[in-house]
Structures are given as C-alpha cells and as structure tokens.
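J.: Numbering (this note's numbering), first residue to last: 164 to 574. Cβ atoms here follow ideal geometry from the backbone N, Cα and C, with glycine treated the same way.
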Amino acid sequence: MKTVTCTAPVNIAVIKYWGKRDTGLILPTNDSLSVTLSQDILHSKTTISAAKEYSHDRLWLNGKEEDITKNKRMHNCFRETRALRQQLEQDAAQRGETLEPLSSYHVHVCSENNFPTAAGLASSASGLAALVFTLAKLFDLTNNMSELSRIARQGSGSACRSLFGGFVAWEMGSKDDGSDSLAVQVAPETHWPELEALICVVSDEKKGTSSTEGMQHTVNTSPLLQHRIKEVVPVRMAEMKKAIHERDFQTFAALTMKDSNQFHAVCLDTYPPIFYLNDTSRAIMKIVHEYNATSPDGKLKAAYTYDAGPNAVIYAPKENMREIIQLIAHYFPGSADNYFVDPYKLFTSTQDLVSDFKPAGHAAFNENSIPVFPAGSVSRLLHTKTDDGPRVLGQEESLLNEQGLPKRVSA
Ligand code: DP6
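1) Measuring alpha carbon to alpha carbon, tell me which residue in S337, L388 and A406 is nearest H354.
2) What three-state label does DSSP hand E260 in the structure shown?
3) Between the alpha carbons of A176 and L247, how many angstroms are there, rounded?
4) Count the C-beta pairs between the region 470-483 and the region 371-387 that are closer than 8 angstroms, then say yes if the count reaches three, no if not.
5) Which of the three DSSP states is assigned to R316 in this structure?
6) Are the CB atoms of V270 and I211 nearer to each other than 8 angstroms?
7) Suppose the cutoff is 7 angstroms on Cβ atoms and the five residues either side in sequence are ignored; what does the same chain contact list for P351 look like?
8) Expressed to the nearest angstrom, what Euclidean distance is found between the alpha-carbon atoms of G610 and Q558?
9) Any heavy atom of the ligand DP6 closer than 7 angstroms to the CB of G290?
10) Between which two residues does the alpha helix (DSSP H) carrying A442 extend?
11) Taking the alpha carbon of G290 as the reference point, which residue from A417, C273 and A214 has its own alpha carbon closest?
12) Mind checking which residues open and close the alpha helix (DSSP H) that includes T414?
13) With a 10 Å radius around its C-beta and 16 neighbouring C-beta atoms as the bar for buried, classify G182 as buried or exposed.
14) Return the CA-CA distance between A340 and E334, expressed in angstroms with no decimal places.
15) With three or more beta-carbon pairs closer than 8 angstroms as the criterion, would you say the region 383-398 touches the region 217-228?
16) On the three-state DSSP scale, how would you describe V396?
17) Could you name each continuous beta strand (DSSP E) segment of 3 residues or more that falls completely within the region 185-266, going from the start of the chain to the end?
18) Does the Cβ of V541 have 16 or more other Cβ atoms within 10 Å, making it buried, or fewer, making it exposed?
19) Using a 10 Å radius around the Cβ and a threshold of 16 neighbouring Cβ atoms, would you call Y507 buried or exposed?
20) So is S195 in contact with chain B if we call contact Cβ pairs under 8 angstroms?
21) Indicate whether Y502 and A446 have their beta-carbon atoms separated by less than 8 angstroms.
22) Could you compute how far the alpha carbon of P397 sits from the alpha carbon of N193?
23) DSSP has E334 in a bridge; who is on the other side?
24) Contact between the region 193-205 and the region 546-556: three or more CB pairs below 8 angstroms?
25) Can you tell me the Cβ-Cβ gap for A492 and I477, rounded? I've got them flagged as a contact below 8 angstroms.
26) At a cut-off of 7 angstroms, would you count A471 as near the ligand DP6, judging by its Cβ distance to the nearest heavy atom?
27) The beta strand (DSSP E) that contains A292, what's its start and end?
28) Nearest by alpha-carbon distance to R324: which of S344, Q257 and R236 is it?
29) Have a look at K481 and L563 and give me their C-alpha separation to the nearest angstrom.
30) What residues in its chain sit with their C-beta under 8 angstroms from that of C240, if we drop five residues either side in the sequence?
31) Considering only heavy atoms of the ligand DP6, does any lie closer than 7 angstroms to the CB of K165?
32) Taking C-alpha atoms, which residue in L544, D515, S337 and E486 lies nearest to R591?
33) Does the ligand DP6 have even one heavy atom less than 7 angstroms from the beta-carbon of G320?
34) Using a Cβ-Cβ cutoff of less than 7 angstroms, which residues in the same chain neighbour L387 once the five nearest sequence positions on both sides are dropped?
35) Within its chain, find whatever has a CB closer than 6 angstroms to the CB of M403; leave out the 5 residues flanking it on each side and keep chain order.
36) Give the range of the alpha helix (DSSP H) segment to which H380 is assigned.
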C-alpha cells in the first residue's frame with residue numbers, strides 16, 4: 164500500500180472568474196487572478212492510498228463516505244492523473260525497468276477542510292487542488308504545476324489557481340481541448356509579504372445559488388458580461404500584474420474593489436438576477452470606503468472583495484491591519500468565543516481588540532454613516548496573509564489508518 168498526505172490552500176480572486184465557454188472541460192470566458200491565502204488557518208487536507216487489494220475507489224469527505232462514481236469532476240481528475248501514471252509505467256517498461264502498476268490500483272481518498280464548508284470559503288478550490296496534488300505525489304508524476312493545474316481546473320475552475328502560492332493567474336487559453344487553459348504564478352508569496360488579508364465570515368441563513376449554476380445563467384442572459392469579457396478584463400489583467408510586480412497597493416486595491424463590484428453587477432444583470440451580497444456585506448464595503456477616505460494623502464489603505472456569497476475578504480498592507488480589525492470588530496461585534504482568529508497575535512485579547520477603537524480619531528471617518536450591527540452579523544474574523552502553495556505532509560499526518568480506512572468518521 165502506498166499512502167500520501169498533502170494540504171492545499173484557499174485562493175481569493177482579485178480579478179474574478181465568472182463564466183465558462185465549455186462546461187465539461189471547465190474552460191473560462193476570461194482570465195482571472197488570485198491571491199493564495201495561508202494554510203495556517205485555512206486548508207484542505209487529503210490522504211490518498213493505493214493498494215492492489217482495494218476492490219473499488221472510495222472517498223470520505225469531512226468524515227462521511229461519498230459515492231465517488233457520482234462525482235464526474237473528481238472522476239475526470241482521477242482519469243487524467245492515472246493516464247499520466249500509466250505513461251510513466253509504460254516508459255519505464257520500455258527502458259527495461261519496472262514501476263509499481265499504481266495506475267491499475269484502486270484508491271482510497273480521505274479529505275477534510277480545517278474550516279466549515281458551509282462558511283462558503285472556496286472549499287471546492289482547495290479541496291480539488293489537494294486531490295490533484297496528492298494524486299500527483301502518489302503517482303510520482305514529473306509534470307510541473309501548470310500542467311497539473313490543467314487537471315485541477317477540470318475538478319473546479321478556481322482550483323487550478325490553488326496549486327501555486329503567492330499571486331496566480333489562470334490564463335483562459337483559446338484551444339478547444341483546453342490544453343492552454345492553465346494557471347501560472349505571477350509572483351511568489353515572498354515577493355509581497357506585507358500584503359495581508361482579513362476574512363469576515365458573514366452570517367447567511369439562506370442557501371445561495373452555486374457558482375457553477377450561477378455563472379452559466381450569467382453567460383446566457385447578461386449583456387454586461389460580454390462587455391466585461393471583451394473590454395474590461397484584458398485591460399485589468401495587465402494592470403493587475405504590473406501592480407503586483409511593482410507592489411503598488413494603490414492600483415491593486417482600486418482594481419480589486421472595482422472587479423468585485425463588476426462581478427456582482429453582472430450577477431444583478433443576470434436574468435433573473437442573482438444576489439450574493441447582503442446588508443452586512445454592503446456595510447463592510449462602506450466602512451472600507453470611509454476608512455480609505457481618512458487617509459491624509461488620499462491613498463487607499465484597504466480593499467474588499469466578495470465571491471459567490473456574503474463573506475468579505477479585505478486585503479491591506481500589514482501596517483493598516485490593526486486599525487482595520489478594530490473597525491470591523493466595532494461595527495460588527497462578535498457573539499462567540501472563536502470570533503477572532505489571529506495566528507499573528509496583533510491583539511493580546513478580544514477585549515483589547517475593541518477597547519482600543521477610536522473612530523473619532525480618524526479625521527474624516529463619518530462614524531454615523533454606518534450603524535453598529537447586531538452581535539454575530541459577522542460570525543468570524545480570520546486574520547491571514549498571502550502564503551505558499553500545496554504542502555506534502557509526513558506519514559504521521561495521514562487521515563487513513565493501516566487498513567486504508569479513515570481514522571475519524573462522523574455520524
Ligand atoms: C466567484 O471555481 O467555484 O469564486 O468552476 O464551476 O467549480 P466551478 O466554479 P468555481 O467558481 C469560482 C467563482 C468565484 C470567482 C473566482 O474564484 O475567480
């Protein structure tokens with residue numbers, strides 16, 4: 164039996180992917196660009212074992228067994244990685260060498276997120292990236308990350324960007340077979356370590372429209388999407404890459420907010436419209452704009468972005484993070500002990516986080532433009548930063564026991 168365990172990170176786009184030109188191969192209608200967030204607080208962890216004795220492929224997701232044959236996207240990832248392994252085995256045979264015939268073995272897959280899937284924090288991206296990366300390690304594939312991203316893309320579009328750390332572009336490509344629709348690293352995480360992120364988990368009772376479903380309604384009905392694809396994204400991609408290379412937070416921040424807003428505008432332009440933002444999301448946008456208005460030299464100090472849900476991700480230089488966290492905690496008080504998660508320990512206690520807050524001290528901050536929200540409107544605040552790509556863990560981290568069964572199962 165061969166067993167490998169890996170983790171993969173979450174990525175949050177600053178130029179959004181929204182729309183497919185091929186739904187089977189998952190080929191997008193525009194390029195996109197994301198920032199990879201630290202796995203210290205958010206990651207998907209996957210263990211895969213392959214053994215001659217296994218009778219069929221099995222999958223456990225967050226402690227529950229799932230029917231792997233029903234998951235077409237995962238099946239595509241298996242098929243593609245097994246084909247690459249088979250090629251390695253055949254090449255070895257031609258050289259007169261023998262490789263263990265792993266491509267013909269069944270596998271057991273066990274995967275967990277260290278954050279609740281329901282929080283809507285891009286779990287498909289990290290989950291599918293972890294699956295493909297772990298399969299590649301299990302099969303000793305020699306392909307580079309961009310080649311693997313072609314496979315991860317077929318699991319979930321945004322997953323292809325979670326194979327790299329730092330700043331990552333998904334180039335849409337133009338070929339019908341998708342061979343040039345790949346992720347590439349724009350800059351590693353070490354390039355701009357001062358860039359940090361605050362994830363505001365916004366409570367949302369109702370179940371929203373999934374990205375997969377929502378984006379095709381947009382493709383089919385939104386004239387604004389066509390303008391975005393043709394005119395807006397190509398220009399923004401070039402500007403965003405330049406801003407990242409030059410660590411130019413002003414351009415980065417303005418483009419990030421505008422692109423998030425345009426993504427939600429095309430959702431509204433979809434017929435019938437799709438709504439992902441709620442009142443809390445919009446209040447956070449307002450706070451960020453008010454906060455930026457306090458800057459004496461007019462420079463932007465923070466930028467928000469929202470995916471297909473109400474959660475906000477605020478990007479900002481490290482030096483502004485303390486103030487930003489205080490602002491958010493003031494207007495959106497926590498109601499639970501685990502409200503604030505901060506591996507970087509900016510505050511000694513949750514108390515300290517609110518007691519320091521002095522909005523009046525900020526010259527232009529219009530304190531009354533936003534009400535203080537009921538406790539729990541933002542359920543969690545997670546302080547994180549840009550960080551590395553997938554990691555290989557030691558055997559002691561395995562989620563499967565010696566029989567190839569999950570160590571932990573939930574009811
Ligand atoms: C709003 O990658 O989840 O987060 O390819 O259908 O699996 P599928 O969709 P998915 O869509 C992500 C959309 C987004 C924007 C982004 O991450 O770029």
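T.: Taking the coordinates as given:
1) A406
2) coil
3) A straight line joining the alpha-carbon of A176 with that of L247 spans about 29 angstroms.
4) yes
5) coil
6) At the C-beta level, V270 and I211 come within 8 angstroms of one another.
7) G328 and G329
8) Shown here, the chain extends from 164 to 574; a query on residue 610 therefore has no answer.
9) no
10) A small fix is needed here, since residue 442 is Asp in this sequence, not Ala. Looking at the DSSP string, the run of the alpha helix (DSSP H) that includes D442 is D442 to A456.
11) C273
12) F412 to D432
13) Buried, by the Cβ-count rule.
14) It should be pointed out that residue 340 corresponds to Asp in this sequence rather than to Ala. C-alpha separation (whole angstroms): 14 angstroms.
15) By the C-beta criterion, the region 383-398 is judged not to be in contact with the region 217-228, since fewer than 3 inter-stretch pairs fall below 8 angstroms.
16) Helix.
17) 195-199, 206-214, 221-224 and 227-229
18) The residue in question, V541, is buried, as its Cβ has 16 or more Cβ neighbours within 10 Å.
19) Looking at its Cβ environment, which holds fewer than 16 other Cβ atoms inside 10 Å, Y507 is exposed.
20) Note that chain B does not occur in the displayed structure, where there is just one protein chain.
21) Cβ atoms of Y502 and A446: not closer than 8 angstroms.
22) 8 angstroms
23) DSSP lists L345 as the bridge partner or partners of E334.
24) yes
25) About 12 angstroms; that fails the 8 angstroms criterion.
26) yes
27) Here A292 belongs to no beta strand (DSSP E); instead the alpha helix (DSSP H) covers S286 to L301.
28) Scanning S344, Q257 and R236 for the CA closest to the CA of R324 turns up S344.
29) 38 angstroms
30) L291, L294, V295, L298, I314, A315, Q317 and G318
31) Checking the Cβ of K165 against the ligand DP6 gives no.
32) Because the chain in this structure spans residues 164 to 574, residue 591 falls outside the shown range and cannot be described.
33) yes
34) A428, V429 and D432
35) Same-chain partners within the cutoff: I178, L196 and L418.
36) Where H380 is concerned, the enclosing alpha helix (DSSP H) stretches over S374 to T384.
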